[in-house]
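Note that the working numbering gives residue 306 to position 49 of the sequence shown, counting from 1, and the numbers run on in steps of one. See below for the structure under consideration.
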Amino acid sequence: MEIKKNTIFIIVGPTAVGKTAFAIELAQHFNTEIISADSRQCYKELNIGVAKPSEEELKTVHHYFINSHSIDEDVNAGSFEQYALQAAEKIFKKNNIAVMVGGTGLYIKAFCEGMDEMPAINKDIRNRIVEQYEQDGLVWLQQQVQQKDPEFWKIAEQQNPQRLMRALEIVEQTGKSIASFRKKNMVERNFNILKIGLELPREILYKRINDRVDIMMQQGLYDEAYSLFPYKDINALQTVGYSEIFKAIEEKNSLAEAVEEIKKNTRHYAKRQMTWFKKDASVSWINALDKNILEKAIVLS
């Protein structure tokens, strides 16, 4: 089948489903490059805890938006949109095909459809929310968003205080869910988009997640988190895999409890990812265990 000129394959799905390996296989097939759509793998300082591709994998295929930023930089869906559009333009100058892969649904939405305009927020509302978060912590913030914006809570990155504060300030300013502002007009892109979703039966996916957390601990996740502990309040570190170990370092729980929390929170995150991506009717789904996954993806195109 002949694929249209300037086409980007976007590989989506939950964490631990096998997106990285498949994206590399697809990129090698087309002799092209990959744009990561992961909101944490872009940080140079984070490695084991964000399941970043190995050095060998990064050498096999050039990746954009991996190790591209530092944890003290402000990275969001809007900045990703601009970065990824520029990366796609570079790839299309030498190849008709590009590959994007990642599990951050909002980043992929921004790339495909553009960013929605958000309402202006009164400074008093913003300052009050920030002050209360600093005083009462993440649990308070999670409870507020769950109560006041349940629609967004179902798909939110529930460990990410910046996103949760943003949702809370919008609902307090407007009385509407932040999700209601994400349904505006889509922009027209000058390239073709093909979305491929990888999925697995829940019990297999959850076992993969649990096993991967154990492997991360063997690879040195505790030591990595310990080295990042001085930066634990930075937004980039409000992430599953680090937040739980920071509590162990502070002796708020044991390391064994932290590991179980990582597994549980990662499973919950995977469920939210699937909720997000399953709402997108343009995604064609393939079982990640299918032996002919590459051929099926190309046929779906």
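Beta carbons are placed, not taken as given, at the ideal position from N, Cα and C, and that holds for glycine. Bear in mind that the values here come from a model prediction, so they are computed numbers and not experimental data.
{"query": "Beta-ladder partner(s) of Thr264, from DSSP", "result": "Ile354 and Asn449"}
{"query": "Among Leu315, Lys316 and Asp329, the one whose alpha carbon lies nearest that of Asn492", "result": "Asp329"}
{"query": "Coarse secondary structure for Ile491, derived from DSSP in three states", "result": "coil"}
{"query": "Short Cβ contact (8 Å threshold) for Leu478 with Gly454", "result": "no"}
{"query": "Where the alpha helix (DSSP H) containing Ser511 begins and where it ends", "result": "Element bounds for Ser511: n/a, residue is neither H nor E."}
{"query": "Classification of Glu346 by the beta-carbon crowding that lies within 10 angstroms, buried from 16 upward", "result": "exposed"}
{"query": "Per-residue burial, Asp547 [other beta carbons within 10 Å of its own, 16 or more giving buried]", "result": "exposed"}
{"query": "Nearest candidate by alpha-carbon position, reference Gln400, set Lys528, Pro418 and Arg383", "result": "Pro418"}
{"query": "Distance CB(Asn263)-CB(Asn353) smaller than 8 Å", "result": "yes"}
{"query": "Sequence-distant residues of the same chain with beta carbon closer than 7 Å to Gln430, five excluded per side", "result": "Pro376, Ile378, Asn379 and Ile382"}
{"query": "Minimum C-alpha distance to Ser484 - residue among Asn333, Gln415, Glu302 and Asn449", "result": "Glu302"}
{"query": "Segments of 4+ residues assigned as alpha helix (DSSP H) that fall wholly inside the segment 400–463", "result": "407–410 and 418–431"}
{"query": "Selected residue, minimal CA-CA separation from Thr289, among Val387, Ser437 and His319", "result": "His319"}
{"query": "Own chain, CB closer than 6 Å to Ile568, minus 5 neighbours either side, in chain order", "result": "Residue 568 is absent from the model: the chain starts at 258 and stops at 558."}
{"query": "Segment contact, 8 Å Cβ cut-off, at least three pairs: the segment 361–377 with the segment 276–287", "result": "no"}
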